[in-house]
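Single-structure report; data block below.
In mature numbering (1 follows the signal peptide of the UniProt record, and there is no 0), the protein residues as written are -21 to -1, 1 to 102.
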């Protein structure tokens, strides 16, 4: 499933928890912070389009992905629920970066729907 298909099907908002069943040694979580005026989630193309749960605006959530030392791509998306009963949710690409599961770190998505960006962990 591509990242786009995962987003379109709603699967991007359904995943939470451990992404890898095998872990060795201490591991640091990847923390996703939604610091903008929109909710945030991340998609991992190198993991078959795996996606995190939706992180509500103004909050952070940790996710554990094992201890792989590989550098992986991470795509950050914004998500906005419609106001009232009309309309569909809005999903938009914020930024693409890289991370290493063995080091964890924090992804910060910030800004507005119109002007947004994200920071990624140091490799």
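Even glycine gets a Cβ: it sits at the ideal position worked out from N, Cα and C.
**Study point:** Neighbourhood of residue 48 by C-beta, 6 Å cutoff - its chain only, sequence neighbours within 5 removed
**Key:** 81
Practice item. Determine the DSSP secondary structure at residue 115, reduced to helix, strand or coil. Key: Beyond the ends of the chain as shown, which are -21 and 102, falls residue 115; an answer cannot be given.
Point to revise | Delimiting residues of the beta strand (DSSP E) encompassing residue 41 | key: Going by DSSP, residue 41 is part of the beta strand (DSSP E) stretching over 39 to 42.
**Study point:** Bridge-paired residues (DSSP) for residue 59
**Key:** 69
Review point. Can you round the beta-carbon distance between residue 54 and residue 32 to whole angstroms, since I take them to be within the 8 Å contact cut?
Key: Not really, about 15 Å apart at Cβ, beyond 8 Å.
Review point. Tell me which same chain residues have a C-beta within less than 7 Å of the C-beta of residue 17, skipping the five on either side of it?
Key: 36, 57, 58, 59, 92
Point to revise | Own chain, CB closer than 6 Å to residue 76, minus 5 neighbours either side, in chain order | key: 53, 99
**Study point:** Three-state secondary structure assigned by DSSP to residue 35
**Key:** coil
Check your understanding: What separation, rounded to the nearest whole angstrom, lies between the Cα atoms of residue 85 and residue 50?
Key -> 15 Å
Check your understanding: Between residue 88 and residue 19, is the Cβ-Cβ spacing less than 7 Å?
Key -> yes
Review point. Between the Cα of residue 13 and the Cα atoms of 6, 67, 74, 26, which residue gives the shortest distance?
Key: 74
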